[in-house]
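Working notes, structure below.
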Amino acid sequence: MSELEDIELDALMMVIHRRYGYDFSGYTRSCLLRALSKQLAVWKLQNISELIPLIIRSSLHFNCLMADLSMSVTGMFRNPEFYRALCDEVFPVLKSFPFFKIWHAGCSSGEEVYSLAILLQEAGLYERAIIYATDFNHRNLKVAKEGIYSRDSLSNYREAYSASGGNRELDDYFHFAYGRGVVKDELKSRITFAHHNLTCDGIFGEMEVILCRNVLIYFADTLKSRVLTLFGDSLYPGGFLCLGDKESLQKANTSQLFKAVNSNVKIFRKNWDEVHSLVDVPYH
Numbered sequence: 097m098s099e100l101e102d103i104e105l106d107a108l109m110m111v112i113h114r115r116y117g118y119d120f121s122g123y124t125r126s127c128l129l130r131a132l133s134k135q136l137a138v139w140k141l142q143n144i145s146e147l148i149p150l151i152i153r154s155s156l157h158f159n160c161l162m163a164d165l166s167m168s169v170t171g172m173f174r175n176p177e178f179y180r181a182l183c184d185e186v187f188p189v190l191k192s193f194p195f196f197k198i199w200h201a202g203c204s205s206g207e208e209v210y211s212l213a214i215l216l217q218e219a220g221l222y223e224r225a226i227i228y229a230t231d232f233n234h235r236n237l238k239v240a241k242e243g244i245y246s247r248d249s250l251s252n253y254r255e256a257y258s259a260s261g262g263n264r265e266l267d268d269y270f271h272f273a274y275g276r277g278v279v280k281d282e283l284k285s286r287i288t289f290a291h292h293n294l295t296c297d298g299i300f301g302e303m304e305v306i307l308c309r310n311v312l313i314y315f316a317d318t319l320k321s322r323v324l325t326l327f328g329d330s331l332y333p334g335g336f337l338c339l340g341d342k343e344s345l346q347k348a349n350t351s352q353l354f355k356a357v358n359s360n361v362k363i364f365r366k367n368w369d370e371v372h373s374l375v376d377v378p379y380h
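By the count of our numbering, the sequence shown reaches residue 380 at its end, each step adding exactly one.
And the structure:
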C-alpha cells in the first residue's frame with residue numbers, strides 16, 4: 097500500500113464517520129482495501145479519491161460499500177463441531193437458570209441465530225431464552241428479521257444440522273412456498289433483532305452467553321481489545337463467550353478476563369473473580 101493510498105483511505109474513513117456516523121478506522125487495512133477494490137471496479141473508478149465525493153453525496157454508493165464491509169461467510173449450523181460443543185458444554189449450565197439472556201453480536205443475515213434457536217428448542221431451553229441479535233448493517237437485519245431463505249440453500253444445511261446434533265427434520269422449522277422457506281413464528285418469538293455497532297456502541301445488559309463469530313478477524317488489535325472488553329463487561333461472571341474458529345484472545349490484552357472451555361471451537365468463560373474489566377483500552 098503506497099503512502100498516497102494510505103492518505104486516501106484515512107480521508108475516506110473520516111468522510112464516512114462524519115457523513116454517516118460509522119467508524120471503520122479500527123478495521124484492518126486489508127479488510128478495507130478488499131471492500132474498496134470491489135467498489136472501485138463496480139463503479140469503474142481509478143482510485144479512492146474518486147470514490148470520496150460519491151460517498152459524500154450518494155447514500156447508494158455508501159450502502160454498496162457497507163454491504164461489502166459487512167459481508168461475512170455465514171450459513172445455518174456452520175462449523176457443526178461448535179454447535180455440538182455448545183450443546184454439550186454450555187446448555188447444561190443454562191439449564192440451571194429459570195431464564196437467561198444471549199447476545200448474538202454481528203448476526204449478519206440471521207442463519208446462525210436461527211441455528212442457535214433450533215438447538216435451544218430441541219434442548220427444551222428456548223422458552224427460557226431472551227436472545228438479542230444485533231448487526232450494524234440495516235439490510236442484514238431486515239433479512240434476518242424476515243427469516244426467508246431459498247429452499248436450495250436450506251437443503252444444503254440439512255447435513256450440517258444433523259452433524260450439529262439436530263434430532264428432527266430441519267424442514268420442520270420452516271413454512272415453504274414459491275421455492276423459499278420462511279422461519280416459523282414460534283422460532284422468532286424469543287429473538288429481538290436490533291441495530292448495534294461494535295466499534296462505538298456500549299453494553300445494553302448483562303448476558304449469560306455472547307456469540308460473536310467470525311467478526312473480530314476483520315478488526316485491528318486495538319478495536320479487537322475494545323470489543324472483547326465490551327463483551328467482558330456484558331457478561332455475568334461465569335458467562336460464556338463464543339468466537340469464530342479463526343479468532344482468539346491473543347494480542348487483545350484480555351486473556352486474563354476469560355478462560356478456555358473448549359479451545360478447539362473457541363468457547364471461553366468469564367472468570368468468576370472478574371466482575372469488572374481488567375483492561376482500559378483507549379479507542380478513538
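Each residue gets a CB set at the ideal place from its N, CA and C atoms; glycine is no exception.
Since this is a predicted model, take the numbers as computed values, not measurements.
With distances taken from CA atoms, which of 295, 341, 310 is nearest residue 325?
Considering only alpha carbons, the answer is 295.
Along the chain, where does the beta strand (DSSP E) that runs through residue 304 open and close?
Segment 303 to 308, the beta strand (DSSP E) holding residue 304.
Please go through the same chain and pick out, in chain order, the residues whose beta-carbon is closer than 6 Å to the beta-carbon of residue 227, but skip the five residues on each side of it.
Only 198, 286, 287 meet the Cβ criterion.
Residues bridged to residue 363 by DSSP?
Bridge partners of residue 363: 338, 358.
With DSSP as the reference, label residue 225 as helix, strand or coil.
Looking at residue 225 - three-state DSSP - the assignment turns out to be strand.
Rounded to whole angstroms, what is the Cα-Cα separation between residue 169 and residue 140?
Each residue's alpha carbon lies about 26 Å from the other.
Between residue 115 and the rest of its own chain, which residues show a CB-CB distance below 8 Å, the 5 nearest in sequence each way excluded?
Around residue 115: 151, 152, 158.
For residue 231, which residues does DSSP report across the bridge?
In DSSP, residue 231 forms a bridge with 291.
Spatial neighbours of residue 127 within its chain, please: CB distance less than 6 Å, with the 5 preceding and 5 following residues excluded, ordered by chain position.
Excluding positions up to five away in sequence, the list reads 314.
Is the region 210 to 221 in contact with the region 260 to 270, if contact means three or more CB pairs nearer than 8 Å?
Contact holds: three or more Cβ-Cβ distances are below 8 Å.
When burial is assigned at 16 or more other CB atoms within 10 Å of the CB, is residue 234 buried or exposed?
It is exposed - the Cβ of residue 234 has fewer than 16 other Cβ atoms within 10 Å.
Can you check DSSP and say which residues form a bridge with residue 38?
Examination of residue 38 is not possible in this model, given that the chain is present from 97 through 380 alone.
Could you tell me whether the Cβ atoms of residue 306 and residue 331 are closer together than 8 Å?
Yes. Within cutoff.
Relative to the C-alpha of residue 220, which candidate in 106, 183, 248 has its C-alpha closest?
Among 106, 183, 248, the Cα nearest to that of residue 220 is on 183.
Do you know whose CA, among 109, 222, 97, lies nearest residue 161's CA?
Checked all of 109, 222, 97; the closest Cα to residue 161 is 109.
Is it buried or exposed for residue 133, if we count other Cβ within 10 angstroms and need 16 for buried?
Burial call: exposed.
With DSSP as the reference, identify every bridge partner of residue 331, one or two as the case may be.
Per DSSP, 303.
Rounded to whole angstroms, how far is the Cβ of residue 358 from the Cβ of residue 185, which I believe are closer than 8 Å?
Yes, they are in contact, since the Cβ atoms of residue 358 and residue 185 sit about 6 Å apart, within 8 Å.
Please report the Cβ distance between residue 237 and residue 187, rounded to the nearest whole angstrom; I am assuming they are in contact, meaning their Cβ atoms lie under 8 Å.
Contact doesn't hold; Cβ gap of about 26 Å is too wide.
So, with DSSP's three-state summary, where would you put residue 173?
Three-state result, residue 173: coil.
With burial defined as no fewer than 16 other Cβ atoms inside 10 Å of the residue's Cβ, what is the status of residue 97: buried or exposed?
Exposed: under 16 other Cβ atoms inside 10 Å.
Closest by CA to residue 329, which one among 365, 310, 361?
Nearest option by C-alpha distance: 365.
For residue 291, I'd like the list of residues in its chain whose CB is within less than 8 Å of its CB, leaving aside the five on either flank, ordered along the chain.
Taken in chain order, the residues that qualify are 230, 231, 232, 234, 237.
Judging by CA-CA distance, which residue of 106, 246, 174, 181 is the nearest neighbour of residue 270?
Comparing Cα-Cα distances from residue 270 to each of 106, 246, 174, 181, the minimum goes to 246.
Would residue 240 pass as a contact of residue 211 if the rule is Cβ separation under 8 Å?
No, they are not a contact pair.
Going by the CB atoms, is the gap between residue 164 and residue 131 shorter than 8 Å?
Contact: yes.
Less than 6 Å between C-beta atoms, sequence neighbours within five positions excluded: which residues of the same chain meet that for residue 256?
Cβ within range, chain order: 173, 176.
According to DSSP, what are the bridge partners of residue 256?
Answer by DSSP bridge pairing: none, since residue 256 is not bridged.
Suppose the cutoff is 8 Å on Cβ atoms and the five residues either side in sequence are ignored; what does the same chain contact list for residue 312 look like?
For residue 312, where only same-chain residues beyond five positions count, the Cβ hits under 8 Å are 320, 323, 324, 339, 340, 343.
Among 144, 335, 302, which has the Cα closest to the Cα of residue 189?
Considering only alpha carbons, the answer is 335.
According to the Cβ coordinates, are residue 181 and residue 361 closer than 8 Å?
Taking 8 Å as the Cβ cut-off, residue 181 and residue 361 qualify as a contacting pair.
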